[in-house]
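Protein sequences appear in the order of chains A and B. Taking numbering that gives the first Met the number 0, I'd label the letters of the first sequence as residues 0 to 125. Taking numbering that gives the first Met the number 0, I'd label the letters of the second sequence as residues 0 to 125. Only one structure is covered here, and it is reproduced in the block below.
Number of protein chains: 2
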Amino acid sequence: MSNREVKQEELKTEHSECGGKYVEMVKKINDNMPCEEEFYDLSELFKMLGDSTRVKILYALSQGEMCVCDIVELLDVTQSAVSHQLRLLKQARLVKYRRSGKSAIYSISDDHVYTILSMGMEHISE
Amino acid sequence: MSNREVKQEELKTEHSECGGKYVEMVKKINDNMPCEEEFYDLSELFKMLGDSTRVKILYALSQGEMCVCDIVELLDVTQSAVSHQLRLLKQARLVKYRRSGKSAIYSISDDHVYTILSMGMEHISE
DNA sequence: TAAACATATGAACAATTATTCATATGAGAG
DNA sequence: CTCTCATATGAATAATTGTTCATATGTTTA
Numbered sequence: 000m001s002n003r004e005v006k007q008e009e010l011k012t013e014h015s016e017c018g019g020k021y022v023e024m025v026k027k028i029n030d031n032m033p034c035e036e037e038f039y040d041l042s043e044l045f046k047m048l049g050d051s052t053r054v055k056i057l058y059a060l061s062q063g064e065m066c067v068c069d070i071v072e073l074l075d076v077t078q079s080a081v082s083h084q085l086r087l088l089k090q091a092r093l094v095k096y097r098r099s100g101k102s103a104i105y106s107i108s109d110d111h112v113y114t115i116l117s118m119g120m121e122h123i124s125e
Numbered sequence: 000m001s002n003r004e005v006k007q008e009e010l011k012t013e014h015s016e017c018g019g020k021y022v023e024m025v026k027k028i029n030d031n032m033p034c035e036e037e038f039y040d041l042s043e044l045f046k047m048l049g050d051s052t053r054v055k056i057l058y059a060l061s062q063g064e065m066c067v068c069d070i071v072e073l074l075d076v077t078q079s080a081v082s083h084q085l086r087l088l089k090q091a092r093l094v095k096y097r098r099s100g101k102s103a104i105y106s107i108s109d110d111h112v113y114t115i116l117s118m119g120m121e122h123i124s125e
């Protein structure tokens, strides 16, 4: 018996008495709940945006590709800190990079990132 | 002399030699950088979405308002944990609530939240 | 008013995480 | 090959944060 089935069983038999008004809805939602992994990935994505250094980096890169030393200069952050954060962003596939001589040129890896950022900015200015 | 002006001064005089290719662009971006507070607020917003319990709660509420015990049942989380997280979400104005008898009915506070969530879900399924 | 239920909250603990410092790697210039 | 610049990385530290447990608050019902 899967976890989901167990959960439904509980829904049928053990729903608290708090109202009952929502029992049906809850049952329905439960049937269509994204799986654990999906929620995990989603929260990991937002976690990446949930740090002001990283958000600054992403904002900068959203204006165009640039190398690490540009970012260091633009923001008020150590080279080491920027590099560490870029590694995380790269792992999360939010940015990509290429080497060019001594420099490493970073850029936003796809348009979704930019859209999410804009949504966020729109939201905080209401 | 403001911080921003100092920054620009540095840009003119101390830009690393790494390329120079981006100096002009960096200068331009620097002039239009959102302020520290804006970045802070933005990252705080995403931080709220950067936890799988909270994301689950928000997803549930995106399907319709419900009381705490519904959420507890739907997700696999303690009542206490849910309550703590709801407080944070409320503080961040991502959810609102009203009392109805013994229950507290929570709901998403505005459509932006839903949009950002959807964007995120779209992104992770590429 | 007492009992039962729904929710909230404070304190403690464990886990995660961002930054710093020191140093390593990589790449071009001389 | 050596020096210098650009970037990366490991270890240590400090701070933040999510959950749990115990208990408090608030609301209805008997």
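Glycine is no exception: its CB is placed at the ideal position from the N, C-alpha and C atoms.
Query raised in the report: Along chain A, in chain order, which residues have C-beta atoms closer than 8 Å to that of B/His111?
Result: Translated into the one-based positions of the second sequence, residue 111 of chain B becomes position 112. Residues of chain A passing the Cβ test: Met118, Glu121, His122, Glu125.
Query raised in the report: Between which two residues does the alpha helix (DSSP H) containing A/Lys55 stretch?
Result: As a position in the first sequence, residue 55 of chain A is number 56, starting the count at 1. 51-61 is the span of the alpha helix (DSSP H), which, as asked, contains A/Lys55.
Query raised in the report: Is there at least one Cβ from chain B nearer than 8 Å to A/Lys89's Cβ?
Result: Numbered from 1 along the first sequence, position 90 holds the residue referred to as residue 89 of chain A. No, A/Lys89 lies away from the interface with chain B (no Cβ there is under 8 Å from its Cβ).
Query - Secondary structure, alpha helix (DSSP H): runs of 4+ residues fully inside the stretch 74-98 of chain A - result: 78-90
**Report entry** Opposing strand residues paired with B/Cys66 [DSSP bridges]
**Finding:** Counted from its first residue, the second sequence places residue 66 of chain B at position 67. Bridge partners of B/Cys66: B/Ile104.
Report task. Look at A/Tyr105 and A/Val94 and say whether their C-beta atoms are less than 8 Å apart. Result -> Looking up residue 105 of chain A in the first sequence gives position 106. Looking up residue 94 of chain A in the first sequence gives position 95. Yes, the Cβ-Cβ distance between A/Tyr105 and A/Val94 is below 8 Å.
Report task. Mind the definition here: the stretch 39-56 of chain A touches the stretch 42-53 of chain B only if three or more C-beta pairs lie below 8 Å; say whether that holds. Result -> yes
Query - Spatially closest choice to B/Asp109 from B/Glu37, B/Thr77, B/Ser61, by CA coordinates - result: For this step, residue 109 of chain B is matched to residue 110 along the second sequence. The shortest C-alpha separation from B/Asp109 is found at B/Ser61.
Report task. Say whether chain B places a C-beta atom closer than 8 Å to the C-beta of A/Tyr39. Result -> Start at 1 with the first residue of the first sequence, and residue 39 of chain A comes out as number 40. Yes, A/Tyr39 counts as interfacial toward chain B.
Report task. Check the Cβ of A/Ser42 against every Cβ in chain B and list those closer than 8 Å, keeping chain order. Result -> Taking the first sequence and counting its residues from 1, the one referred to as residue 42 of chain A is at position 43. Residues of chain B passing the Cβ test: Leu48, Gly49, Asp50, Ser51, Arg53, Val54.
Query - CB contact below 8 Å: B/Thr77 versus chain A - result: The count along the second sequence starts at 1 and reaches residue 77 of chain B at position 78. Judged by the 8 Å Cβ criterion, B/Thr77 is not in contact with chain A.
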